Amino acid sequence: MLAAPARFSDLPDYAFPRLRKLLDSHAPGGAPIAMSIGEPTHAMPPFVGEVIAANLQDFARYPVNEGTPELLAAITAWIARRYGVEVTPDRLLALNGTREGLYNVAMALCPEEKDGQTPAVLIPNPFYQVYMVAALSVNAEPVFVPATQATGHLPDYEALPAEVLDRAALAYVCSPANPQGAVADRDYWTRLLRLAEKHDFLVLADECYSEVYRDEPPVGVLTVANELGIDPERVLAFHSLSKRSNLAGLRSGFVAGGPRAVARMRQLRNYAGAPLPLPLQRVAERAWADEDHVEASRALYQEKYRIADEVLGDVPGYVPPVAGFFLWLPVEDGEAAALKLWREAGVRVLPGAYLAKDAGDGNPGKGFIRVALVANSDEVRRGLGLIRDILYR
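As numbered in this note's numbering, residues 1 to 393 make up the sequence shown, in order.
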């Protein structure tokens with residue numbers, strides 16, 4: 001369950017360069033179907049072009065570091081509508097993509113020591129690789145905790161030894177989870193927040209997939225923390241327009257936390273960050289204020305959930321995702337399955353091992369492939385049919 005820190009030179013390639021090495025020397029066995037990367041293909045909001053055109057001259061100006069007052073007001077209003085929590089602008093930082101925030105939060109807030117020891121950063125396994133690199137960048141120990149079927153595909157941090165929890169400085173949680181699609185409910189957040197209070201660590205909630213869901217909107221960490229009266233400085237929530245609004249290329253998101261924590265992240269941005277250009281901040285402002293395009297996109301994902309259930313519902317081990325737009329499909333070996341799909345049908349998926357780490361008890365992603373439901377419904381149906389016929393028959 002635990003792993004010693006690695007040097008940057010020891011890090012494996014990022015998932016997608018690894019995938020290219022695995023597949024690209026082989027010809028596809030059919031017209032390629034892209035199901036490996038979580039890049040939305042649904043329509044962007046219709047106002048994007050007009051907002052950029054109306055503010056084109058502002059590309060000549062340096063952007064506002066923390067986000068324009070109008071953008072922060074739009075984010076504040078969205079948090080109030082979505083989560084029922086009143087957040088003041090000093091608790092927000094507009095991000096140039098949430099990857100920036102998920103990395104820089106460790107740079108800004110992880111202590112050099114905790115009680116005279118190397119601090120630990122708790123990370124779900126499988127995980128988004130930036131969590132691990134953030135921990136290594138501050139000389140903390142990344143602690144990889146299995147997020148498997150046995151734990152509801154969320155990390156069971158309560159199961160860690162007390163001596164590890166006492167060294168913990170930060171704990172990352174992705175909900176809805178990438179790649180498994182699991183959602184942290186009120187009970188999960190409550191237990192984690194109480195654990196964080198007991199052992200004095202920060203909860204970092206990566207909620208970038210929060211607006212892509214099957215039935216009910218996932219509860220957010222801000223809601224639960226507010227209901228419990230948790231100190232706002234203990235929780236930071238990260239959100240993005242990439243998945244919510246199909247604006248992956250805009251590179252726009254935000255972090256919400258306590259005013260002292262956010263002030264430290266803003267200060268780091270002053271020296272080492274790249275604020276979002278002003279015309280793009282205006283687009284983000286409009287996007288957070290509009291729900292029509294979000295609902296239309298969500299309906300398309302819900303249709304693809306139904307297609308996945310129809311095509312793969314009788315596959316042993318298939319778990320319908322509650323949220324997000326990935327399938328986490330069981331196979332004997334993820335690399336072998338990905339290569340077989342590419343060579344026989346041109347279907348491009350990601351081996352689950354590329355999203356996880358062998359932390360002493362095996363790689364929990366080895367027996368899976370991640371399948372992205374980002375193409376149109378017809379293409380998704382065709383790709384899933386080929387996956388079923390090639391891997392499960």
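Using N, Cα and C, we set each Cβ at its ideal position, and we do this for glycine too.
What you are looking at is a predicted structure, and each value in this text was computed from that prediction instead of being measured.
- With fewer than three CB-CB distances shorter than 8 Å, the segment 97 to 114 does not count as touching the segment 318 to 328.
- Of the other Cβ atoms in all chains shown, 16 or more fall within 10 Å of the Cβ of histidine 239; this residue is therefore buried.
- Closest in C-alpha terms to valine 224, from the list Arg194, Glu310 and Ser377, comes Arg194.
- For the segment 44 to 111, the continuous alpha helix (DSSP H) assignments of 4+ residues that do not extend past its boundaries occur at 48 to 54, 69 to 83 and 98 to 109, in sequence order.
- Counting along the chain, no alpha helix (DSSP H) covers arginine 393, and no H or E run does either.
- Counting C-beta atoms within 10 angstroms of its own C-beta, aspartate 206 has 16 or more neighbours from the protein chains shown and is therefore classed as buried.
- DSSP, reduced to helix, strand and coil, places glycine 220 outside both helices and strands of the structure shown, so it counts as coil.
- By the Cβ neighbour-count rule, serine 25 is exposed, with fewer than 16 other Cβ atoms within 10 Å of its own.
- 8 Å or more divides the Cβ of isoleucine 369 from the Cβ of leucine 312.
- Distance from the CA atom of tyrosine 392 to the CA atom of phenylalanine 201, rounded to whole angstroms, is 44 Å.
- Judged by pairs of C-beta atoms under 8 Å, the segment 278 to 292 touches the segment 66 to 76, as three or more such pairs exist.
- By a beta-carbon distance limit of 8 Å, tyrosine 172 contacts leucine 122. Their separation comes to about 7 Å.
- In the structure shown, the three-state DSSP call for arginine 251 is coil.
- Rounded to the nearest angstrom, the Cβ distance from leucine 339 to valine 347 is 11 Å, too far for a contact under 8 Å.
- Where asparagine 363 is concerned, there is no enclosing alpha helix (DSSP H), because DSSP gives it neither an H nor an E.
- DSSP, reduced to helix, strand and coil, places leucine 241 within a helical segment of the structure shown.
- Counting other Cβ atoms within 10 Å of its Cβ, proline 17 stays below 16 and is therefore classed as exposed.
- Inclusion of proline 89 and threonine 76 in the CB contact set at 8 Å is warranted, their separation being smaller than that value.
- In this structure leucine 228 is exposed. Its beta-carbon is surrounded by fewer than 16 other beta-carbon atoms within 10 angstroms.
- Taking C-beta atoms as the reference points, proline 275 and asparagine 65 count as a pair closer than 8 Å.
- In the three-state scheme derived from DSSP, where H, G and I count as helix and E and B as strand, asparagine 226 is classed as helix.
- With a cut-off of 8 Å on Cβ pairs, the segment 22 to 41 is in contact with the segment 359 to 375, counting three or more such pairs.
- If only complete runs of 4 or more residues are kept, the segment 257 to 337 shows the alpha helix (DSSP H) at 259 to 272, 278 to 289 and 292 to 312, in order along the chain.
- Leucine 204: member of the beta strand (DSSP E) spanning 202 to 206, first to last residue.
- Looking at the backbone, the Cα of lysine 357 and that of asparagine 178 are separated by about 15 Å.
- For lysine 114, the three-state secondary structure derived from DSSP is strand.
- One alpha carbon belongs to leucine 170, the other to aspartate 13, and they sit about 24 Å apart.
- Counting only the Cα atoms, asparagine 104 lies some 10 Å from valine 130.
- Pairing phenylalanine 254 with arginine 306, the inter-Cα distance amounts to about 31 Å.
- In the three-state scheme derived from DSSP, where H, G and I count as helix and E and B as strand, proline 32 is classed as coil.
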